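Numbering (full-length UniProt numbering) for the sequence shown: 1 to 112. We treat Cβ as the ideally placed atom computed from N, Cα and C, and that holds for glycine. These numbers come from a predicted model, not from an experiment. This report refers to the structure that appears directly beneath it.
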Amino acid sequence: MKLIEKDFYIIVEDEKDDVKQFASFLESTGYENIKDKNVVVDIQKYGELQLPELLSFLSLSNKHRSSKHSFVLVNDTIMIDEVPVELIVVPTLLEAADIIQMEEIERDLEAF
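Next comes the structure, spelled out in structure tokens:
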């Protein structure tokens, strides 16, 4: 797992070649490294993914978002209409950063 620190989030990339194993690893062993941060999971290297592969991140996404942190997947090949609303999937890292900024603003506004 490769971690790239940004100002208000962290980008997580897999250094292996199995997206489902990566999701499982992040949810168990790797979670300690990301639990208190906004997270962008860059899975662009896998190319065309199917919905079941994306759904392997659903449990982790729900867990992370319930702790008031953003969780965004980046992949530009998935048909966005197939993705459940509980998962946020965007085609670029720039869009992921934008989503996190918007969610941070929303959380700040909710605090008032």
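- Counting only runs of at least 3 residues, the region 70–97 fully encloses the following beta strand (DSSP E) elements, listed from N- to C-terminal order: 71–74.
- Annotation: I4 is outside any alpha helix (DSSP H); the continuous beta strand (DSSP E) that includes it extends over 2–5.
- I78 has its alpha-carbon roughly 7 Å from the corresponding atom of E48.
- Under the 8 Å Cβ criterion, the region 80–94 does not count as touching the region 28–38, having fewer than three qualifying pairs.
- Residue state for I10 is assigned as strand, using DSSP reduced to three classes.
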